[in-house]
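Colleague: My questions all concern the structure below.
Number of protein chains: 2
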Amino acid sequence: MTVIFSKKCEYGLQAVLYLAANMFDDVVRVDVIAQELNIPKEFISKILQSLREHGIIDSKKGKTGGFALAKSPSQIKLIDIVEAIDGLSIFNSCVLGFPNCNPDHPCPVHDKWGKLRTEAYKMLSEETLDKFRDKTLDKIKNL
Amino acid sequence: MTVIFSKKCEYGLQAVLYLAANMFDDVVRVDVIAQELNIPKEFISKILQSLREHGIIDSKKGKTGGFALAKSPSQIKLIDIVEAIDGLSIFNSCVLGFPNCNPDHPCPVHDKWGKLRTEAYKMLSEETLDKFRDKTLDKIKNL
DNA sequence: TTATTTTCAGAATTTTTTGTCTGATTTTAA
DNA sequence: TTAAAATCAGACAAAAAATTCTGAAAATAA
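Quick note, the sequences are listed as chains W and Y, same order.
With the numbering used here applied, the first sequence covers 1 to 143.
With the numbering used here applied, the second sequence covers 1001 to 1143.
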């Protein structure tokens, strides 16, 4: 099997995009997020807690509790979520699994892959959550 | 954690590149491959068997046995190994983990990610093993 | 033919990732 | 003040991926 982001990270990205698209709500309960996105409640709950520890989202406890973004959507980049959950190792470790893959001792595909990787990193670093609101709403609606 | 190719696939790519770089040998024993690449012998053995079933490499049993490419290096593309081991799901499943991600119901990053993915696929489909011989030899030497 | 050396096949084990359960803590509404 | 409804924390369980083990089968050299 092949993966880009872990399931945790995929779900984390989905949830944060969902929160960004629902800014008009004060907070959103974890069971609403879980239901809307078809993610096991207890699992997304753990992921949201970890994103809170990383300062990406805020939580409110108690009867009227739930989750909301910690900052405005325009201040949160996709890479922030990826970094918080999966880390950035994908962007500096060898795609062929060779150790010490660097310009001095490059793996056979070092140059070609490095270019693609840089583009991916750039995309995730440039795009902020506010740019996705409409597309997220549309996607959720058709889930 | 984040992964592009599974460990199996990484090791498979390494081993096939190694075989391509050592075409002057008739066959290479699995314990030599394992030692040169620092891969557990029993594990790479399994991977090589699976690549043989996919027709990418050949094996010879018995006292003078070992493995060799089934075709000339110029006829084997990187994507062949990826497809045999990890499959091509990475190239047509949603990077955010959304179901039914397609042009009709795209995920928020569908367009931007799709472009990168296509480039990656193109690279892996265009590059054949013969182009990597020198770089592979250099990398192995400095492992 | 026989001993040796290799790949082969499948099961078993370990580790990592994913997902679940239990109960405590916090907050609010009645 | 009390009951209800939410998050929180940590242990637990299940599933998947990675790795190892065991012994058979094949081929060659002596």
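Where a beta carbon is used, it is the ideal one built from N, C-alpha and C, also for glycine.
In three-state DSSP terms, what is residue 1065 of chain Y?
Modeller: coil
Colleague: Would you kindly work out how many angstroms separate the C-alpha atoms of residue 1027 of chain Y and residue 1143 of chain Y, rounded to a whole number?
Modeller: 22 Å
Colleague: From what residue to what residue does the alpha helix (DSSP H) around residue 59 of chain W run?
Modeller: Segment 57-60 is the beta strand (DSSP E) holding residue 59 of chain W; no alpha helix (DSSP H) there.
Colleague: Which residues in chain Y have a C-beta closer than 7 Å to the C-beta of residue 120 of chain W? List them in chain order.
Modeller: 1116
Colleague: Going by the CB atoms, is the gap between residue 1096 of chain Y and residue 49 of chain W shorter than 8 Å?
Modeller: For residue 49 of chain W and residue 1096 of chain Y, no; Cβs fall outside 8 Å.
Colleague: Can you look up residue 141 of chain W in the DSSP assignment and give me helix, strand or coil?
Modeller: helix
Colleague: Once you ignore the five residues that flank residue 1085 of chain Y on each side, which residues in its own chain have a CB closer than 6 Å to its CB?
Modeller: 1008, 1009 and 1012
Colleague: Which residues in chain W have a C-beta closer than 8 Å to the C-beta of residue 1007 of chain Y? List them in chain order.
Modeller: 97
Colleague: DSSP on residue 54 of chain W, reduced to helix/strand/coil?
Modeller: coil
Colleague: Can you tell me the Cβ-Cβ gap for residue 1037 of chain Y and residue 1073 of chain Y, rounded? I've got them flagged as a contact below 8 Å.
Modeller: With 8 Å as the limit, residue 1037 of chain Y and residue 1073 of chain Y do not qualify as a contact, their Cβ atoms being about 17 Å apart.
Colleague: Taking Cβ to Cβ, would you say residue 1016 of chain Y is nearer than 8 Å to residue 1051 of chain Y?
Modeller: yes
Colleague: What residue range is occupied by the uninterrupted alpha helix (DSSP H) comprising residue 9 of chain W?
Modeller: Element bounds for residue 9 of chain W: 7-21.
Colleague: List the residues of chain Y whose Cβ lies closer than 7 Å to the Cβ of residue 11 of chain W, in chain order.
Modeller: 1097
Colleague: Given a cut-off of 8 Å on the beta-carbon distance, is the pair residue 136 of chain W and residue 21 of chain W in contact?
Modeller: yes
Colleague: Taking just the CA atoms, how far does residue 25 of chain W sit from residue 1094 of chain Y?
Modeller: Computed Cα separation, rounded: 27 Å.
Colleague: Just to make sure I have the definition right: I need the residues of chain W whose C-beta is within less than 7 Å of the C-beta of residue 1003 of chain Y. Which are they?
Modeller: 3
Colleague: Excluding the five sequence neighbours on either side, which residues of its own chain have a C-beta within less than 6 Å of the C-beta of residue 1059 of chain Y, listed in chain order?
Modeller: Non-local beta-carbon contacts of residue 1059 of chain Y in its own chain, meaning distances under 6 Å to residues more than five positions away in sequence, involve 1052 and 1067 in chain order.
Colleague: Could one say the Cβ of residue 142 of chain W lies closer than 8 Å to chain Y's Cβ atoms, at least one of them?
Modeller: Interface residue, yes.
Colleague: Assuming residue 105 of chain W is part of the alpha helix (DSSP H), what are its boundary residues?
Modeller: From DSSP, residue 105 of chain W is part of no alpha helix (DSSP H); its letter is neither H nor E.
Colleague: For residue 14 of chain W, return the contacting residues in chain Y, with the cut-off set at a CB-CB distance below 8 Å.
Modeller: 1096, 1097 and 1098
Colleague: Spatial neighbours of residue 1039 of chain Y within its chain, please: C-beta separation below 8 Å, excluding the five flanking residues on both sides.
Modeller: 1011, 1014, 1015 and 1033
Colleague: Against chain Y, with Cβ distances strictly below 8 Å, would residue 23 of chain W count as a contact?
Modeller: Residue 23 of chain W has a beta carbon lying at 8 Å or more from every beta carbon in chain Y.
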